[in-house]
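Following: one structure in structure tokens, then a few remarks.
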Amino acid sequence: MKPRTKLRTTRASGPALALLLLTLGTSLPAAGYGVKMSVELSHGVLEAHRRQHAFLKVGLVGDGPREPSQRAAVNVALVLDRSGSMAGGKLEQAKRAAIQALEGLGPEDIVSVVAYDTTVEVLVPATKLSDRAAVYRQIEQLRARGTTALFAGVSKGAHEVLKFLSGRGVNRVILLSDGLANVGPSSPGALAELGTSLAKNGITVSTIGLGLGYNEDLMYRLAGASDGNHVFVEREDQLPAVFAREFGDMFAVVAGEVELRIRCGKGIRPLRVLGRAARIIGDEVSVRLSQVQATVQKYVLLEVEVDPQPAGQTLTLAEIVLHYRSLDRERAEQQSGRAQIGFSAASEAVAASANRAVAVAVLEQLANDATKQAVELRDAGRIAEARVLLKKNVGALKASNQALKSKQLDALEQDLATAAEGVDQPEAEWQRTRKVMRGQQRRVESQQAF
Amino acid sequence: MHSRARGRLVVALSLMVLIPAALLGWLAREVVVADRHRAQRALGSLVGGELHQAEARVLGVLERRRAELLDRGPTPTDTAALRVLVAEQAAVRQVFLLGSDGRRLHPPALGPLSVEEEAFLQRVRGLLADPLQLVVADEEGASPKKTRPTAAAPGAAQGWYAWFWEDGLQLLLWQRSSAGYLIGFELDRYRLLADLAAALPDTPRGRLADPRRRTVLVDERGEALYEWGGYDPAPGASPAASIALAAPLQAWRLRGFIDPRVTAASTGRSLALAAGAGVLAVTLALGGLALFLWRESTRAAREAAQRVSFVSRVSHELKTPLTNIRMYSELLEADFGAGDPRAAGYLQIVNSECRRLSRLIDNVLSFARQQRTAPLLRRSVGQVDALVRELITAFEPAFAARGVQLVFSGQAERPVWVDADALRQILNNLLSNAEKYASGGKVVQVSTRARAHTTEIRVSDQGPGISATQAERVFEPFVRLSSALDEGASGTGIGLGIARELARAHGGDLVLEQDEGGAPAPRGATFVVTLRTEAAADPAAGAEPPSAATTDSRDRA
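What follows is the structure, given as structure tokens:
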């Protein structure tokens, strides 16, 4: 039944050093959606006779029609906080942003709108946008009151998406909140667990934190667990732009239910996947991505430990199988690839095999890890340690970037420097910095487009 | 009518109205309260019914989970397939599988595990050490789904198992296959909560919402997991109904709250209105009846008072000519009475009748005045005996005409402070009373006795007497005893009342003397007047009277 695109382009390089091997397998129908997978190693050649770490980067970028009319249908639930703290400009801007964003939806798209305070109201049950005015009217009628039953709001929103869960569509819950969840489950862990569960259904939860009163850990982890986006919006007048970007991100999706299975070769042990949730069992690694967009490359960065090998040895570092669902044809697709690695006693050969893109990605993720640690340290009151850690990473980034000259890393370096200042700030300003950091962390770890 | 009798009548009539009204009001209140309780109970059971409906939805979610996981053919038994199941089943967090020999097949006892699987083994360590707990808990009734062998797999059993771990209640769905495998699905707690929230009603506003209810699903710690309904109960408010969910969620409760104004506004209010109106109507009717009775009973008095008012106006007009008639007839008697014995006799009768008419007029005027103010006294030094004697002399001819002898014995010679006019009026009334009613006797005795600060005057007749029951009534205005007694007697019926008021104003009293048994003398009546009479130190000196201040102020008033 399932036509499988099993393309194995194994470009074996000659006997010499070039043993880095990339498989690129795609065979796309002219107008169809596809995913381009690239497999890269931090170094194609490693030092011989040494136990060492290496990084495998699997990049995924969608290949779809550029025509907006041909984008995949979306099935989106807007979950809006209408607790008392949203009163005034916040709620008005949120309404405006939501309505403007819905303007971009077409007749095939499904939308639902859920508002929550102490209780939840399904303002618009999942429906095709045949009667826009009625939907807009429901949004316009929102009034702020009560407390924040965030969990219940997300539950109802997810339920609306589940009603019309589509293999051909993008299934997404967009949560806007400006406050602390205080009715129902409200710990970051609880929301993360819910996100993990929803991701199994192919539902992504994107979270938009508004103002300085929300729980950024909760929003960050809910988005992270479901591989959704997370944005910190300081002022409500930024909401329309943020909604527009969120919808743009949704419209660019070409594949869903993406799973990458990596089996490490002999003498190679998977250690961790940087920035993403992964299941590592023995030499097998499984990473799930909610979706792949045409606009941005997503990647999975695996750190492995390599046993000492004699010079001239060539190994299969990993065999990679990509499963995904192409949104235009609603069918399971599969690609596979392989990464080969060579060993050399010559350090020039090792240096020459370095891959800049992988190095940038690795640095980016390591720096991101450092900022997460810094937040933990700051939360524990170890402010000086947090600052030292961030400063050290700023130095490391600077040193590495002299050779790499990556604008991405330049920006990250700036962010880290700002964060290093931020950890020292009084509590109120630190809360703001913390929200900025959570937003950046999510952006880096998921290669969020905005 | 006498004011005390009037007071008693008012009290009686008031009681006649108030007691039934109060009784009725109390009954009505009882009915309303009972009705409100009934309404509350009805609402409570209504809410209870709704809670059970909500419970059914919750259990429905569990049943769907169970059916999804267990009723879709045989569950996989190899690790790879179970890992796929965990990765794809949104409701499942982790799975374990035990072989028929009790050995753990998944997560594999040998071979690498994921971080999540290791954490899972920690959570269910106790359970895996003794998997019999599952079946035991189930047989103890922890689950409504008793072990249920299915036709497809006889000997198979399944059930729920609940335990507490970290953030609260965790659920595990287990099944023992006919082959002896025991599989356990750990449900994702938060996904379950999300599905429950999705399955339970939302809170639409302005459309189908009932803004007066709130239902809350609370966990084992009493914290709200999900709530719906437009009413916001105050913190700490007690629910109208509360039920524990059926197993395996028996640690959770559903609480139904109602806006208390709903209970007040339900049928109870109209009933309270009806009851209030009924009580009001009955009270009004009784009040009307009481008013009617009151007016009936006071009509005689009102009519008499009108009569007095009329008579007093007339009497005022009569007084001046009568005074002139009296003055000139006395002059006539003094100047020419000795000439002709017949003329002297006639003049004596004219004078006597003139004095009688004066007394009547005085009484009427006193009574009319007394209705408006207390009697005024003007004390001066005088001898009680002399005053009494003067009056007896005046009455002697009238008594003699009826064949009654007036006997006087005086023991009050001492000069005292006394209001001569008041004393005269009191005696006038007593003597004319005796004259009117005591004609059956032969003797009317009048005696005086001086005490330290008082003087006592007794007037006894030998007439028909007054019975004990009527002893007090004779002092009430316009009361005359049986018409049999009235024969031949006439008067306004106010004399004794006026005499008593004057005696009381004089610091004393007027009583009808009772014998030892409490009843008045069987034959004849004895009236006793007591007056407060301070002895005058020097009869010649016109010293100030003891109560001069009072008297003056009254005069001025």
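Taken in sequence, the protein lines are chains E and A. Using this note's numbering, you'd call the opening residue of the first sequence number 49 and step up by one each time. Using this note's numbering, you'd call the opening residue of the second sequence number 25 and step up by one each time. Yeah, the Cβ is synthetic: ideal placement off N, Cα and C, and Gly gets one too. Quick caveat, the model's predicted, so the values are computed rather than measured.
Determine whether the beta carbon atoms of residue i and residue j lie at a separation below 7 Å.
| i | j | result |
| --- | --- | --- |
| A/F432 | A/I416 | yes |
| E/V172 | E/V221 | no |
| E/V161 | E/G201 | no |
| E/K138 | E/L349 | no |
| E/A422 | E/L438 | yes |
| E/A418 | E/N441 | yes |
| E/N403 | E/S90 | yes |
| E/D165 | E/S117 | no |
| E/I158 | E/A182 | no |
| E/H101 | A/A222 | no |
| E/D297 | E/L337 | no |
| E/Q495 | E/V344 | yes |
Tell me which residue opens and which closes the alpha helix (DSSP H) that residue i is part of.
| i | result |
| --- | --- |
| E/S338 | Run containing E/S338: none in the alpha helix (DSSP H); it sits in the beta strand (DSSP E), E332 to Q341. |
| A/S456 | A444 to Y461 |
| E/H207 | L198 to K211 |
| E/V423 | R404 to D427 |
| E/Y220 | The residue you asked about is not Tyr; residue 220 of chain E is Arg in the sequence shown. Careful: E/R220 lies outside any alpha helix (DSSP H), inside the beta strand (DSSP E) at V218 to S225. |
| E/T244 | P236 to K248 |
| A/G150 | R149 to A153 |
| E/T362 | No alpha helix (DSSP H) contains E/T362, which is instead part of the beta strand (DSSP E) from T362 to S374. |
| A/T103 | T103 to E112 |
| E/D458 | K455 to G470 |
Taking residue i as part of the beta strand (DSSP E), name the residues at either end of that continuous run.
| i | result |
| --- | --- |
| E/R490 | First-last for E/R490: E475 to S494, but that is the alpha helix (DSSP H), not the beta strand (DSSP E). |
| A/Y185 | A181 to W189 |
| E/N263 | Looking at the DSSP string, E/N263 is not in any beta strand (DSSP E), and its letter there is neither H nor E. |
| E/K105 | Q100 to D111 |
| E/K84 | G82 to L89 |
| A/D533 | D533 to L536 |
| E/R327 | A326 to I329 |
| A/F432 | Q429 to S433 |
Since residue i meets chain A, which of its residues come closer than 8 Å, beta carbon to beta carbon?
| i | result |
| --- | --- |
| E/A206 | A218 and A222 |
Could you list which residues in chain A have their beta carbon closer than 7 Å to that of residue i, in chain order?
| i | result |
| --- | --- |
| E/N249 | A114 |
| E/G112 | Those do not exist, as E/G112 stays about 25 Å from chain A at its closest Cβ, beyond 7 Å. |
| E/G330 | G135 and P136 |
| E/A200 | A221 and Y250 |
| E/A238 | D191 and Y214 |
Using the beta-carbon of each residue, which ones in chain E are nearer than 9 Å to residue i?
| i | result |
| --- | --- |
| A/A111 | K248, E307, R327, S334 and R336 |
Quick one: list the residues of chain E neighbouring residue i, beta-carbon separation under 8 Å, in chain order.
| i | result |
| --- | --- |
| A/L249 | G232 and P233 |
| A/T227 | T167, V168 and E169 |
| A/W252 | T167 and V168 |
| A/R215 | E241, L242, S245 and L246 |
| A/D256 | T166 and G194 |
By the criterion of Cβ-Cβ separation under 7 Å, what are the contact partners of residue i in chain E?
| i | result |
| --- | --- |
| A/D212 | E241 and S245 |
What residues of chain A sit near residue i, judged by a beta carbon separation below 9 Å?
| i | result |
| --- | --- |
| E/A229 | Under the 9 Å cutoff, chain A gives no residues; its nearest Cβ is about 12 Å from E/A229. |
| E/S214 | By Cβ distance, chain A contributes nothing, its closest Cβ being about 16 Å from E/S214, past 9 Å. |
| E/S384 | Correct list: empty, because the minimum Cβ distance to chain A is about 18 Å. |
Among the options, which one has its Cα closest to the Cα of residue i?
| i | options | result |
| --- | --- | --- |
| A/P272 | A/A111, A/Q194 and A/T479 | A/Q194 |
| E/L266 | E/F498, E/R491 and E/K483 | E/K483 |
| A/L137 | A/A559, A/R107 and A/L315 | A/R107 |
| E/M485 | E/E351, E/D463, E/E241 and E/A497 | E/D463 |
| Members of the region 149 to 177 of chain E near chain A, C-beta cut-off 7 Å | T166, T167, V168, E169 and V170
| query | What residues in the region 358 to 371 of chain E bring their beta carbon closer than 7 Å to a beta carbon of chain A? | reply | none
| request: Compile a chain-ordered list of the residues in the region 122 to 135 of chain E whose CB is closer than 9 Å to at least one CB of chain A. | output: none
| field | Chain-ordered residues of the region 82 to 110 of chain A with a beta carbon less than 8 Å from chain E | value | R107
| Using Cβ-Cβ distances below 7 Å, what residues of the region 276 to 305 of chain E are close to chain A? | none
| Interfacial residues, the region 183 to 201 of chain A to chain E, with Cβ spacing under 7 Å | D191
| said: Please identify, using Cβ separations under 8 Å, the residues of the region 469 to 494 of chain E that lie next to chain A, in order along the chain. | reply: Contact annotation: in the region 469 to 494 of chain E, no residue has its CB less than 8 Å from a CB in chain A.
| query | Any residues in the region 445 to 458 of chain E with a beta carbon nearer than 8 Å to a beta carbon of chain A? Which ones, in chain order? | reply | none
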